[in-house]
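See structure below.
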Amino acid sequence: MSAFLVEGGAKLYGSTGIHGAKNSVLPILVATLLAPGVSVIHNCPELSDVRASLEILEHLGCRTTREGDTITVDASALTHCDVPDQLMREMRSSVIFLGAILARTGEAKMSFPGGCELGPRPIDLHLAAIRSLGATIEERGGTLFCTGGKSMKGRELVLSIPSVGATENAMLAAVGADGVTTISNAAREPEITDLQTFLQSMGADVHGAGTSIITIQGGLPVRGGEHTVMPDRIVAATLLCATAAAGGEVELDGTDYRHLSTVTAVLTEAGCKIHSGHDCVTIQRTEPLHGVCPIRTAPYPGFPTDAQAPVMAALAASRGTTVFVENIFESRYRHAAELSRMGANIRVEGRVAIVCGVEHLHGATVRAADLRGGAALVVAALGAEGDSEITGLTHLDRGYQDLDGTLRTLGAHITRTD
Ligand code: EPZ
């Protein structure tokens with residue numbers, strides 16, 4: 001079993017780049033299915049979720065190659081329209097393949113994605129949006145059987161929740177639906193805008209991403225596109241939290257500070273000095289952190305749920321108390337129990353977590369239960385006194401490329417054992 005071994009207490013100094021965004025490259029890889037051509041995507045991170053997406057594309061009949069951080073997808077000739085159950089289980093966000101497969105082939109089949117570590121992951125909004133465009137979706141024995149993709153028509157869609165995945169699924173299906181589709185109450189995450197930019201490079205007529213209303217003129221011919229994936233704002237947030245926990249001074253290059261403003265505001269309130277340049281963010285922490293006003297997760301541009309765990313880990317060793325309210329996912333405090341093994345004082349009551357800061361954490365043997373919770377354990381171990389062992393790295397490998405290598409370049413005492 002792989003593990004990170006961390007010797008806590010080393011301050012972090014230096015600068016590093018940020019790899020491509022997992023939550024942007026995944027829907028962009030799906031979007032390559034829409035065109036019978038070759039797409040080229042740059043700045044693709046080496047992540048297990050990316051490999052899972054490439055496996056699905058290959059199963060569907062695409063030919064994919066990777067040279068460094070550039071992935072080429074040749075979607076000229078598809079041979080299947082289903083996502084195998086084993087691959088659906090590997091990555092539950094594969095449901096966003098539904099709209100693109102339907103738009104390209106007219107039909108699709110996939111198993112109902114199960115829940116995950118974050119609790120139930122419903123897809124009712126995905127299915128409602130695609131049915132509104134005219135597709136037929138039957139659910140039988142845990143499998144979705146979808147037809148009518150070639151006769152989809154543009155519609156006015158309204159999402160009851162600004163769901164990221166449902167917005168992406170609806171955008172991709174709408175590209176293949178004749179006429180104009182508007183998506184109201186769309187998610188406004190930067191990754192949606194990145195997807196729109198790629199779709200535009202394919203010749204698709206999509207506008208409004210980043211706002212609550214996205215308009216797609218569907219039914220137009222599309223071709224292979226080319227795009228450079230945006231930097232991963234949650235990886236950037238995680239490295240900011242690592243520096244806040246360990247102390248030191250770190251510069252993150254190629255980071256759009258605007259995507260991090262709610263996180264940098266919290267870390268500034270906690271006592272860090274943060275400077276934002278044109279495309280970089282610098283953080284310095286020399287004094288002990290202190291608690292901050294309640295942190296409530298919300299859809300973008302609110303405080304990102306994906307940063308909740310790393311920020312909690314940084315504030316676990318602080319002077320004062322911080323209250324967290326997790327408004328997006330039902331079960332996103334599994335890292336709290338592991339942080340408590342390191343000496344944190346955290347009380348979880350439903351969607352609320354009360355973090356009473358302690359002077360310092362101590363090293364321990366802990367296990368990641370999910371992607372961002374695992375990142376939180378790394379953040380905590382870096383600032384803790386003593387040694388930690390962190391297992392469950394398959395969760396981390398889904399969203400962090402060479403996290404230990406990046407931290408080592410900044411002076412962290414962390415190694416990976418396989
Ligand atoms: C995306 O998940 C991200 N994943 C998540 O990142 C991120 O936490 C989340 O958006 C919120 O920002 C990817 O982009 C691959 P949602 P997604 O649909 O699309 C409910 C990470 O750590 N909902 O915006 O699944 C849902 O239960 C991952 O990188 C419905 O009720 O999130 C949740 O409570 C974790 N019905 C809320 O909406 C639906 O049909 C927001 O979920 C869909 C969602």
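Taking the working numbering, the leading residue of the sequence shown gets 1, the next gets one more, and so forth. No residue lacks a Cβ here, since even glycine has one placed at the ideal position from N, Cα and C. Predicted, not measured: the structure shown is a model, and the values here were computed from it.
Have a look at the options and flag the residue whose alpha-carbon is nearest the alpha-carbon of residue i.
{"i": "R334", "options": "A380, L252, S212, A369", "result": "A369"}
{"i": "T282", "options": "V292, G254, P304", "result": "G254"}
{"i": "Y400", "options": "E385, L371, D387", "result": "L371"}
{"i": "M110", "options": "A128, D178, V83, S261", "result": "V83"}
{"i": "A412", "options": "S2, G9, H227, A3", "result": "G9"}
{"i": "T182", "options": "G210, T167, A166, I216", "result": "I216"}
{"i": "N185", "options": "L159, R63, I56, D74", "result": "L159"}
{"i": "S318", "options": "R332, G357, H19", "result": "G357"}
{"i": "A204", "options": "T238, T32, A316", "result": "T32"}
{"i": "G386", "options": "G392, T409, H360", "result": "H360"}
{"i": "G37", "options": "H59, T72, E67", "result": "T72"}
{"i": "M312", "options": "L240, E107, E249", "result": "L240"}
{"i": "I309", "options": "T65, A237, D74", "result": "Residue 309 is actually Ala in this sequence, not Ile. The shortest C-alpha separation from A309 is found at A237."}
{"i": "G291", "options": "R258, I354, I234, V180", "result": "I354"}
{"i": "S212", "options": "S201, I161, G179", "result": "I161"}
{"i": "R121", "options": "C280, S163, C146, E138", "result": "S163"}
{"i": "I346", "options": "R140, G320, T365", "result": "G320"}
{"i": "S276", "options": "S261, S39, P288, E287", "result": "S261"}
{"i": "R296", "options": "R332, E287, P288", "result": "R332"}
{"i": "Y179", "options": "D402, K150, R285, L60", "result": "The amino acid occupying residue 179 in the given sequence is Gly; Tyr does not appear at that position. Of the candidates D402, K150, R285, L60, the one whose C-alpha sits nearest the C-alpha of G179 is K150."}
{"i": "E287", "options": "G248, Y300, G392", "result": "G248"}
{"i": "H395", "options": "A380, G373, T64", "result": "G373"}
{"i": "T391", "options": "V366, T409, V50", "result": "V366"}
{"i": "E156", "options": "A170, F145, L144", "result": "A170"}
Report yes if the C-beta distance between residue i and residue j is below 8 Å; otherwise report no.
{"i": "H278", "j": "I41", "result": "no"}
{"i": "A265", "j": "L172", "result": "no"}
{"i": "V222", "j": "V25", "result": "no"}
{"i": "D194", "j": "P45", "result": "no"}
{"i": "A108", "j": "L34", "result": "no"}
{"i": "F112", "j": "G148", "result": "no"}
{"i": "L47", "j": "K22", "result": "yes"}
{"i": "R341", "j": "F4", "result": "no"}
Can you find the residues in the same chain that come closer than 8 Å, C-beta to C-beta, to residue i, ignoring five residues on each side of it along the sequence?
{"i": "T167", "result": "L159, I183, A186, A187, I192, I214"}
{"i": "L382", "result": "V6, G8, A10, L12, A242, A245, A246, L407, A412, I414"}
Compute the minimum distance between the beta carbon of residue i and the heavy atoms of ligand 1, and state whether it is under 7 Å.
{"i": "D306", "result": "yes"}
{"i": "H413", "result": "no"}
{"i": "A166", "result": "yes"}
{"i": "I328", "result": "yes"}
{"i": "R372", "result": "yes"}
{"i": "H259", "result": "no"}
{"i": "S93", "result": "yes"}
{"i": "S163", "result": "yes"}
{"i": "L98", "result": "no"}
{"i": "E191", "result": "yes"}
{"i": "P122", "result": "yes"}
{"i": "I234", "result": "yes"}
{"i": "H395", "result": "no"}
{"i": "L26", "result": "yes"}
{"i": "N23", "result": "yes"}
{"i": "A313", "result": "no"}
In chain order, what residues of the same chain have a beta carbon less than 6 Å from the beta carbon of residue i, not counting five sequence neighbours either side?
{"i": "G17", "result": "D253, G254"}
{"i": "D418", "result": "S2"}
{"i": "A177", "result": "L133, M152, K153, G154, G218"}
{"i": "P27", "result": "I96, E168, L195"}
{"i": "R63", "result": "D74"}
{"i": "L289", "result": "A270, G271, S318"}
{"i": "L393", "result": "S2"}
Under 7 Å from any heavy atom of ligand 2, does the C-beta of residue i make it?
{"i": "L127", "result": "Of the ligands one can find in the structure shown, namely ligand 1, none is ligand 2."}
Can you find the residues in the same chain that come closer than 7 Å, C-beta to C-beta, to residue i, ignoring five residues on each side of it along the sequence?
{"i": "G165", "result": "S93, V95, I96, H126"}
{"i": "I56", "result": "V83, L87, S94, F97"}
State yes or no: is the beta carbon of residue i nearer than 8 Å to at least one beta carbon in chain D?
{"i": "A369", "result": "Among the protein chains of the structure shown there is no chain D, as only one such chain exists."}
Discussion item. Within 8 Å, do at least three Cβ pairs link the segment 316-336 to the segment 189-200?
Written reply: Counting C-beta pairs with one atom in each stretch, the segment 189-200 and the segment 316-336 have fewer than three that are closer than 8 Å, which means they do not touch.
Worksheet item: Any contact of the segment 88-108 with the segment 290-308, i.e. 3+ C-beta pairs under 8 Å?
Response: With the rule of 3 Cβ pairs closer than 8 Å, the segment 88-108 does not count as touching the segment 290-308.
Worksheet item: Are there three or more Cβ pairs, one per stretch, closer than 8 Å when the segment 120-130 is compared with the segment 66-81?
Response: The segment 120-130 makes no contact with the segment 66-81; the number of CB pairs closer than 8 Å stays below 3.
Worksheet item: For the 8 Å Cβ check, are there 3 or more pairs between the segment 336-353 and the segment 267-278?
Response: Taking 8 Å as the limit for Cβ pairs, the verdict is that the segment 267-278 does not touch the segment 336-353.
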